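Here's the structure, in structure tokens; my notes come after.
In the numbering used here, the protein residues as written are 121 to 260.
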């Protein structure tokens, strides 16, 4: 047997063992980058959802305020609480509730109206897209 041939085989097997380590590190890097990409995608989706909910919350507030103004117009025109809800809801369910109370000040009787206007949209309470706003006003 040739002693040099054995050393050459040992050197060859040592160099091939190091090739597997490169694959392990490459797989680790791919998994780490995939996890980072998934995290960034989740964060981006969350930001878009909260931005859309903020816009819907603002629209719901203005729909509720519009319901209160509609009730004020009916009260001024008829001196009575309005029945029903406004027709201009723009995709929101607007519910207007009104109560009136008479107060006596000396010889004068004053009527005060309490109006609660609630606007909601987006399905059931607790859902991801659900939004609700309420406006309350007193009218004398």
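Using N, Cα and C, we set each Cβ at its ideal position, and we do this for glycine too. As the structure is a prediction and not an experimental result, all values here were calculated from the model.
Going by C-alpha to C-alpha distance, which of 213, 190 and 208 sits closest to residue 202? Locating residue 202 in the chain shown gives position 82, where the first residue counts as 1. Ranking 213, 190 and 208 by Cα distance to residue 202 puts 190 first.
Let me know the beta strand (DSSP E) ranges lying completely inside the region 179-239, each 3 residues or longer, listed in chain order. List check, beta strand (DSSP E) in window: 213-225.
Between which two residues does the beta strand (DSSP E) harbouring residue 255 extend? Counting from one through the chain shown, the residue named residue 255 turns up at place 135. Residue 255 -> beta strand (DSSP E) spans 251-259.
Output yes or no for whether 8 angstroms exceeds the beta carbon distance between residue 197 and residue 237. The sequence position of residue 197 within the chain shown is 77, counting from 1. The sequence position of residue 237 within the chain shown is 117, counting from 1. No, the Cβ-Cβ distance between residue 197 and residue 237 is not below 8 angstroms.
Pull up the CB-CB distance for residue 248 and residue 180, whole angstroms please, since I reckon it's below 8 angstroms. Sequence index remark: in the chain shown, residue 248 carries index 128 (1-based). Sequence index remark: in the chain shown, residue 180 carries index 60 (1-based). Between residue 248 and residue 180 the beta-carbon gap is near 15 angstroms, outside 8 angstroms, which marks them as no contact.
With DSSP run on the structure shown, which of helix, strand or coil describes residue 155? Locating residue 155 in the chain shown gives position 35, where the first residue counts as 1. The answer is helix: DSSP assigns residue 155 an H, G or I state.
Residue 216 and residue 205 closer than 8 angstroms at C-beta: Numbered from its first residue, the chain shown carries residue 216 at position 96. Numbered from its first residue, the chain shown carries residue 205 at position 85. In contact: residue 216 and residue 205 (Cβ atoms closer than 8 angstroms).
Please report the Cβ distance between residue 212 and residue 241, rounded to the nearest whole angstrom; I am assuming they are in contact, meaning their Cβ atoms lie under 8 angstroms. On the chain shown, residue 212 is found 92 positions in, with the first residue counted as 1. On the chain shown, residue 241 is found 121 positions in, with the first residue counted as 1. Sure, about 5 angstroms apart at Cβ, within 8 angstroms.
Which partner residues does residue 241 have in the DSSP bridge list? In the chain shown, counting from the first residue as 1, residue 241 sits at position 121. In DSSP, residue 241 forms a bridge with 251.
Going by Cα to Cα distance, which pick from 173, 214, 160 and 199 is closest to residue 185? Here the question's residue 185 lines up with position 65 in the chain shown. Checked all of 173, 214, 160 and 199; the closest Cα to residue 185 is 214.
Just to confirm, is the Cβ distance from residue 183 to residue 210 under 8 angstroms? Along the chain shown, read from residue 1 onward, the residue named residue 183 stands at position 63. Along the chain shown, read from residue 1 onward, the residue named residue 210 stands at position 90. Going by C-beta atoms, residue 183 is nearer than 8 angstroms to residue 210.
For residue 140, name the three-state secondary structure that DSSP assigns. As a working note, residue 140 is residue 20 in the chain shown. In this structure, residue 140 counts as helix in the three-state DSSP scheme.
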